[in-house]
Amino acid sequence: MLKNFSKLLKCRCFQSTSFRLQQQQTVPEVEVFINGRSVTVPSYFTILQTLRRERVTFPSFCYHERLSIAGNCRMCLVQIEGMAKLQIACALNVGKGMKIRTNSEKTMLAQESVLEFLLINHPLDCPICDQGGECDLQDLSMRFGNDRSRFTDIHFSGKRAVEDKDLGPLIRAEMNRCIHCTRCIRFSSQVCGLDVLGTAGRGADMLVGTYVDKMFLSELSGNIIDLCPVGALTAIPYMFKARPWEVRKANSIDVTDATGTNIVVNFRFDRVLRVLPREHEEINQEWLSDKGRWAIDSLEMQRLVTPMQRVNTCLCPLDWDSALNIAAGLIKCANPKNIMAIAGPHCNVETLVAAKDFLNMLGSEHTYVERGMNYSKSNTDLKAGFSLNVNMKDIVKADRILLVGTNPRFEAPVLNAWIRQAYRTNECDIFVVGPCCDYNYHVNYLGADVDCLSNAASALQGAKRPLIFVGISQLETANGGPIMSTLSKIVASLKVGSDWGVLNIITRDASFAGALEAGWKPGALEAVEKNVPSLVLSLGADESFYDWKPPAGIPFIYIGFQGDRSSELATIVLPGCAYTESGGLYLNMEGRSQYAMPAVTPPGMARPDWKIIRALAEYSDVCMPYKNLDSLHSRMGQISPNFTCLGCYQQKVFPDLVGQLVTPAKGTGCIDIDMKTLKDYYCSDVFTYNSSTMIKAQKAAVELARSSYARI
Amino acid sequence: MLSSLRSGVQGLWRVSSRCIQTTSTLQHDSLFVHRDTPEDNSSIPFEFSEPNQKRQAGGWLPISAMHKVAEILNLPKMRVYEVATFYTMFIRRPIGKYHLQVCTTTPCWLRGSDAVLQTLKDATGCQVGGNSPCGKFTLSELKKDEKPKPGPRSGRFASEPLGGLTSLTEEPTGPGFGVQEAVLKA
Chain A
1 MLKNFSKLLK CRCFQSTSFR LQQQQTVPEV EVFINGRSVT VPSYFTILQT
51 LRRERVTFPS FCYHERLSIA GNCRMCLVQI EGMAKLQIAC ALNVGKGMKI
101 RTNSEKTMLA QESVLEFLLI NHPLDCPICD QGGECDLQDL SMRFGNDRSR
151 FTDIHFSGKR AVEDKDLGPL IRAEMNRCIH CTRCIRFSSQ VCGLDVLGTA
201 GRGADMLVGT YVDKMFLSEL SGNIIDLCPV GALTAIPYMF KARPWEVRKA
251 NSIDVTDATG TNIVVNFRFD RVLRVLPREH EEINQEWLSD KGRWAIDSLE
301 MQRLVTPMQR VNTCLCPLDW DSALNIAAGL IKCANPKNIM AIAGPHCNVE
351 TLVAAKDFLN MLGSEHTYVE RGMNYSKSNT DLKAGFSLNV NMKDIVKADR
401 ILLVGTNPRF EAPVLNAWIR QAYRTNECDI FVVGPCCDYN YHVNYLGADV
451 DCLSNAASAL QGAKRPLIFV GISQLETANG GPIMSTLSKI VASLKVGSDW
501 GVLNIITRDA SFAGALEAGW KPGALEAVEK NVPSLVLSLG ADESFYDWKP
551 PAGIPFIYIG FQGDRSSELA TIVLPGCAYT ESGGLYLNME GRSQYAMPAV
601 TPPGMARPDW KIIRALAEYS DVCMPYKNLD SLHSRMGQIS PNFTCLGCYQ
651 QKVFPDLVGQ LVTPAKGTGC IDIDMKTLKD YYCSDVFTYN SSTMIKAQKA
701 AVELARSSYA RI
Chain B
1 MLSSLRSGVQ GLWRVSSRCI QTTSTLQHDS LFVHRDTPED NSSIPFEFSE
51 PNQKRQAGGW LPISAMHKVA EILNLPKMRV YEVATFYTMF IRRPIGKYHL
101 QVCTTTPCWL RGSDAVLQTL KDATGCQVGG NSPCGKFTLS ELKKDEKPKP
151 GPRSGRFASE PLGGLTSLTE EPTGPGFGVQ EAVLKA
């Protein structure tokens, strides 16, 4: 067996070397000299890319890896031997034998002069500027600028003054500080797909902005703040709150959607101040949705900080000991076979595993997530049936995309950025079966009825890398079966490689993939209607209880962090943690597991959810085989190796079986989407509805839709 | 005593005057943002018609016209605004029938353009960049548009001799000129 293994390994090695060889053949390389040092780079590189790869410190403002090249800041002027004038490194291709001088006197003088020109019109208001400490202009002035000023014009005409723009309730635009790098313009047009921003006027009078009085609202709008190299665009919710050197940082995962966006939580004195995106080349590039960025003020709204017990119509605070005693008493009295746990959208895998183990030990199998999904006989056995079956970064390679009952722009904004990239760079045609929505690319509507799916077959025919995205909300309805069986037939008729997952499901909840992987079942509402539970344990689940109220006399234990519908109905409330407090493992819609580090301590008497469940088990005389995070993690590893194999994308197996196991059912016909326009996006669930920032944004979106300049 | 007080105050003012930051005057006589006015807003419909094409909507470009252009060209509106604001001859506010433009660049200023401008202001009642009260005239400053001929005025274009070429006047010789015959044959 070992022999086989080594053979396999050799084979792999051979493959990879041959692949490398092939690459070398296809991309010609050229030799250039940086300050006399010879380096070899691919011939398509620009000089700035070469310098960045070789880790030569070199200034630039307008250049950004993920946006088109503008070349208008002139900061990256560089001397190249044999060229009479200085060249901009960002827009000049490397040539054979080019001699680049980054530390010559001419280059350095040019850098100094460009900075001096920029500072003529840049206000010296760093002490009151939010960008202070993380400002490119500050940093580059320190490194490349002159150490004294020759600016005396303040006595005569003064600095340029520009009126500020109103870009909405999220982004503060202080246009005096703008250095006209046009990154925000390129981002809004290329990534957001909204040509709202532009330049008006020219020369010394040029303004970056909207020309007409109009807000810039998009599901990815917050990213222009990160892109802005100066303090012209800053975040209103973070305005005047902290300096970058005061905040502490924790790497985390965004839970407001199921994309598993990598984020950095910035906190100080145990308060989360802001959330910034973290680069991940395969998931979010470096973007973050507005909900993930700004719904954090919800973490301080309606928080449950102490255990509580229902007395008549009130909830009275208790200490942990008595609360756990009462809860354990309720559990012991209930028929163990019918105890039911319902998981909310933000549960981490630790909580889910602990809760399932607990219920199983009690003798119950009723563990459900809120979202339903009953289109398949295989239920949740096939991962390909409820997840994204293509690596998110490969979406950009698609040449034809079909969206069925989903608007990824609002359901998964960073995934939509990939789709838009495929649309922009790969001439991808996009077809939609579903109602008219706001997409930020051109789509061809095939109809809003399940029967219209038959047209999709001809639309996808002949595509080399087609992709089909189905919204998870479609699989909840009776349409799920017909949609999936039709689509599976279409996929079977396409001629694509077996490693290319054509049929993908876009899920919406951060806990969904993790829960199903841990053995939870979908469809809480159906389950409670089928058989009345003897006790309900809600793990941060609120939405279902707007539709279903536990009958009187059935005890209801709520473990969660936000007081909403569940805590209103609960017999006992046990305060849990939000994702910034407990951290934990999250599986995104690709089934990729990622670990979120905890940032702040839970408020008041709140405790990590899995510890509450562990303690509850102890009080109910059930012994769980783990008592700390390490042993819990090894238990998780037993359940699924995917829980301990962090960060990598795993190919799904048997994707073609999904279609064969579809339950035959008749659909109602019409496909509907709940987030059609931007105003539906901001407050789509309990967590975001509790965020005042999101409510302001929603109001602004409604106002923008009414404006006479709303259309782009 | 009063005078000493005044000089004291002036001295103080001089010390503190550095803290007062002035802002630069607008270099251009038109705004680069749009403001809705009764004459120019997006709710006024615009269609291309015969009279429009002869004299474009009274000599100026309303925002509705930009929107119409965007619609025809299938462009985002912002891209049309960009063009309209970039070129100074797109006038984006209502102007009078007679558009008076005075060049105030250094050569004209030396020849007394200020006096001309003042006279026009008095005669029409316009401010620079504004319309006259009767609405008939518009006054604006402009930078001289006429393209000057390159080179000195002596008749030369660049560094060539004044009286014509003195050398290299003959027809250029072909390839192989002056080469030894043996080499050519080899």
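So the sequences go chain by chain: A and B.
Mapped onto the UniProt record's numbering, the consecutive letters of the first sequence carry residue numbers 1 to 712.
Mapped onto the UniProt record's numbering, the consecutive letters of the second sequence carry residue numbers 1 to 186.
Backbone N, C-alpha and C define an ideal beta-carbon position, used for all residues, glycine too.
The residues 534, in chain order, have a CB closer than 7 angstroms to that of residue 335 (chain A) in the same chain once the five nearest residues on each side in sequence are set aside.
The straight-line gap separating the alpha-carbon atoms of residue 33 (chain B) and residue 224 (chain A) is approximately 21 angstroms.
Between the alpha carbons of residue 116 (chain A) and residue 145 (chain A) lies a distance of about 7 angstroms.
For residue 199 (chain A), the residues of chain B that pass the 7 angstroms Cβ criterion are 82, in the order they occur in the chain.
Leaving aside the five residues that flank residue 296 (chain A) on each side, the residues in its chain whose CB is nearer than 6 angstroms to its CB run, in chain order, 272 and 275. Short of 7 angstroms from the beta carbon of residue 695 (chain A), and not among the five residues preceding or following it, lie these beta carbons of its own chain, in chain order: 683. Taking the C-beta atoms as reference points, residue 311 (chain A) is found no nearer than 8 angstroms to residue 671 (chain A).
Note on geometry: alpha-carbon atoms of residue 120 (chain A) and residue 132 (chain A) lie some 18 angstroms from one another. Look at residue 268 (chain A) here: in three-state DSSP terms it is strand. Counting the other Cβ atoms within 10 Å of the Cβ of residue 546 (chain A) gives fewer than 16, which makes it exposed. In the three-state reduction of the DSSP assignment, residue 276 (chain A) falls in the strand class. Residue pairing by DSSP places residue 401 (chain A) opposite A:430 and A:467 in a beta bridge.
A distance below 7 angstroms between beta-carbons, with the five flanking residues on each side excluded, links residue 186 (chain A) to the following residues of its chain, in chain order: 67, 68 and 70.
By alpha-carbon distance to residue 105 (chain B), the top candidate from B:98, B:97 and B:114 is B:114. Proximity of residue 90 (chain B) to chain A, defined by a Cβ-Cβ separation below 8 angstroms, is not satisfied. Rounded to the nearest whole angstrom, the CA to CA distance from residue 72 (chain A) to residue 179 (chain A) is 10 angstroms. Secondary structure of residue 295 (chain A) (DSSP, three-state): helix. For residue 134 (chain B), there is no enclosing alpha helix (DSSP H), as DSSP marks it with neither H nor E. In this structure, the alpha-carbon of residue 476 (chain A) lies about 7 angstroms from that of residue 374 (chain A). Residue environment analysis places residue 157 (chain B) among the exposed positions, since fewer than 16 neighbouring C-beta atoms fall within 10 angstroms of its C-beta. DSSP places residue 141 (chain B) in the strand class (E or B) of the three-state scheme. With a contact defined as Cβ atoms closer than 8 angstroms, residue 570 (chain A) and residue 556 (chain A) qualify at about 5 angstroms. Three or more Cβ pairs closer than 8 angstroms define a contact, and the stretch 320-337 of chain A falls short of that threshold against the stretch 484-501 of chain A. Contact of residue 196 (chain A) with chain B is assigned, a C-beta pair being separated by under 8 angstroms.
Residue 342 (chain A) sits close to residue 536 (chain A), with the two beta carbons spaced by under 8 angstroms. Collapsing the DSSP output to three states places residue 386 (chain A) in coil. Look at residue 32 (chain B): its C-beta is under 8 angstroms from a C-beta on chain A. Taking C-alpha positions only, residue 294 (chain A) is separated from residue 221 (chain A) by approximately 11 angstroms. Boundaries of the alpha helix (DSSP H) harbouring residue 78 (chain B): 77-86, taken from the DSSP string. At a cut-off of 8 angstroms, the C-beta of residue 43 (chain B) has a neighbouring C-beta in chain A. Out of A:394, A:403, A:411 and A:445, the CA that lies nearest to the CA of residue 421 (chain A) is found in A:394. Looking at A:100, A:60 and A:464, the one whose alpha-carbon comes closest to that of residue 36 (chain A) is A:100. Assigned with DSSP and collapsed to three states, residue 618 (chain A) falls in helix.
When DSSP reads this structure, residue 303 (chain A) sits in a beta bridge with A:562.
In terms of CA proximity to residue 406 (chain A), A:416 leads the group A:400, A:416, A:455 and A:397. Under the DSSP assignment, residue 317 (chain A) falls in the beta strand (DSSP E) whose first and last residues are 314-317.
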